[in-house]
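Same order as they appear, the protein sequences are chains A, B, C and D. Residue numbers for the first sequence, in the UniProt record's numbering: 1 to 113. Residue numbers for the second sequence, in the UniProt record's numbering: 1 to 113. Residue numbers for the third sequence, in the UniProt record's numbering: 1 to 113. Residue numbers for the fourth sequence, in the UniProt record's numbering: 1 to 113. We treat Cβ as the ideally placed atom computed from N, Cα and C, and that holds for glycine. Values in this document were obtained by computation on a predicted structure and should not be read as measured data.
Number of protein chains: 4
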Amino acid sequence: MTETTAPDPTTAVGADEHDGPHGYASDKAAYLKRMRRIEGQVRGIARMIDEDVYCIDILTQVSAVTKALQSVSLALVEDHLNHCVVGAARESDEAGAAKVKEATDAIGRLVRS
Amino acid sequence: MTETTAPDPTTAVGADEHDGPHGYASDKAAYLKRMRRIEGQVRGIARMIDEDVYCIDILTQVSAVTKALQSVSLALVEDHLNHCVVGAARESDEAGAAKVKEATDAIGRLVRS
Amino acid sequence: MTETTAPDPTTAVGADEHDGPHGYASDKAAYLKRMRRIEGQVRGIARMIDEDVYCIDILTQVSAVTKALQSVSLALVEDHLNHCVVGAARESDEAGAAKVKEATDAIGRLVRS
Amino acid sequence: MTETTAPDPTTAVGADEHDGPHGYASDKAAYLKRMRRIEGQVRGIARMIDEDVYCIDILTQVSAVTKALQSVSLALVEDHLNHCVVGAARESDEAGAAKVKEATDAIGRLVRS
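Structure follows, in structure tokens:
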């Protein structure tokens, strides 16, 4: 998360396993645009705090950012199911079940966060 | 949210009503530090997408940012209840009930987001 | 939660501290009606499972029950803030802050669940 | 949800489309047991309200039920992905994508509830 140089695909965690274009690859520009907008919203909240804006208005804005992040997450989940999970399921039952388990765990973290 | 100049307290929305230091004022520096860290995390997610990191690892990081935002929200709620709501409740039953209604609505947006 | 006999107010946990009518007391009949409806919805989900209803339709119904429970929670929070928290705040700063802390912790459990 | 007689598979909504054993079929007894436990917890909350238990303790119990329902939802999602979605994906790209879209929408309702 804090790397600033291009990642080395031969050393990245799980490079062998997760190699190749991911589910979100075709929409990369759209995802990056959404993340830049969210970054701007987060900066806006800091500015609201700095300018002593009323607490409730800040809370409303934090809820909006949380919703925007959840919306990105759901799009990532859909892309992931369509590519990685479906691909693994076509390989073998075991590969499919392993990917489904991994995806469900990630969905569980979303539901609980 | 998008203003870049210092706010004019005489024109800000609800300036008369919400005037004076807010609940979070005493911790302003701490809140700003937390928001800067969250901004860095959001930028980190954009970088992960740009570097084709595995979808599940991105989802995990989005969940972490959502949790960090919820934690800021809960701290804001506590500060708000301690200052604005308690202050209004000491003024009158009506003022207290109005602030409690407003706070509960904001909490509802948090719970559902 | 599993007691079936009337609680003994002299032995209940925190009886001295939390004694007297609670925030929700005036609406007790309405709360009980909502809980009975939720109980019926839960039984309905069990029946859907028993009758092999399509998974997605069951998931939709589970989401509806979760929303109904959250709605009850928010009503309880509002009643609690209006009675217990406001009452404590009028007693003393310390009593108010203690009740606000306790309420915020409960709100945190709602937000994260 | 309110039917008490055995469903007629020829008239059930989507019977043709969603026919056959569903993802959760093999664990039906376990799911029914979990739902009965949740039903008991809901009844316990009604009893707490009836017995004037302290608001915060009721909120804690409502959060516990919400968590139990989410846990059932996640198990249903995993079973659904493993059976219906994987099965559709093996049929055709279109069938797979349609099921993934439907599952993602249901996951979105969980995340937001």
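Using 10 angstroms around the beta-carbon of residue i, count the other beta-carbons present and answer buried if the total reaches 16, otherwise exposed.
{"i": "residue 103 of chain A", "result": "buried"}
{"i": "residue 106 of chain A", "result": "buried"}
{"i": "residue 93 of chain D", "result": "exposed"}
{"i": "residue 78 of chain A", "result": "buried"}
{"i": "residue 91 of chain B", "result": "exposed"}
{"i": "residue 98 of chain D", "result": "exposed"}
{"i": "residue 113 of chain D", "result": "buried"}
{"i": "residue 39 of chain B", "result": "buried"}
{"i": "residue 96 of chain B", "result": "buried"}
Using alpha carbons as the reference points, say which of the options lies closest to residue i.
{"i": "residue 49 of chain A", "options": "B:75, B:109, B:48, B:87", "result": "B:75"}
{"i": "residue 101 of chain A", "options": "A:112, A:84, A:113", "result": "A:84"}
{"i": "residue 59 of chain B", "options": "A:26, A:95, A:31, A:88", "result": "A:31"}
{"i": "residue 52 of chain A", "options": "B:28, B:42, B:35", "result": "B:28"}
{"i": "residue 47 of chain B", "options": "A:42, A:36, A:54", "result": "A:36"}
{"i": "residue 57 of chain A", "options": "B:113, B:26, B:73", "result": "B:73"}
{"i": "residue 34 of chain C", "options": "D:42, D:80, D:112, D:111", "result": "D:42"}
{"i": "residue 154 of chain A", "options": "B:55, B:40, B:25", "result": "Residue numbering for chain A in the displayed model covers 1 to 113; residue 154 of chain A lies beyond these limits and cannot be assessed."}
Since residue i and residue j should fall inside the 8 Å C-beta cutoff, what is the C-beta to C-beta distance between them, to a whole number of angstroms?
{"i": "residue 82 of chain B", "j": "residue 23 of chain B", "result": "6 Å"}
{"i": "residue 111 of chain B", "j": "residue 111 of chain C", "result": "6 Å"}
If we cut at 7 Å on Cβ distances, does residue i have a partner in chain G?
{"i": "residue 46 of chain D", "result": "Among the chains of the structure shown, chain G does not appear; the protein chains present are A, B, C and D."}
Quick check: does the Cβ of residue i come within less than 6 Å of any heavy atom belonging to the ligand SAH?
{"i": "residue 95 of chain D", "result": "For the structure depicted, the ligand SAH is absent and the ligand set is empty, with no information on it obtainable."}
For the segment 42 to 68 of chain A, which residues have a CB atom closer than 9 Å to at least one CB atom of chain D, in sequence order?
Residues of the segment 42 to 68 of chain A whose Cβ lies closer than 9 Å to any Cβ of chain D, in chain order: 67.
Which residues of the segment 74 to 90 of chain C have a Cβ closer than 8 Å to any Cβ of chain B? Give them in chain order.
Against chain B - using a Cβ distance shorter than 8 Å - the residues of the segment 74 to 90 of chain C are 74, 77, 78, 81, 82, 85, 86, 89, 90.
Three or more C-beta pairs below 8 Å linking the segment 63 to 72 of chain A and the segment 57 to 72 of chain B
Verdict: yes, contact present.
If contact means a Cβ-Cβ distance below 8 Å, which residues of the segment 94 to 112 of chain C contact chain B?
Within the segment 94 to 112 of chain C, the qualifying residues are 96, 97, 100, 101, 103, 104, 107, 108, 110, 111, 112.
Taking only beta carbons into account, state which residues of the segment 20 to 37 of chain D come closer than 8 Å to chain C, listed in chain order.
Per Cβ criterion, the list reads 21, 22, 23, 24, 25, 28, 31, 32, 35, 36.
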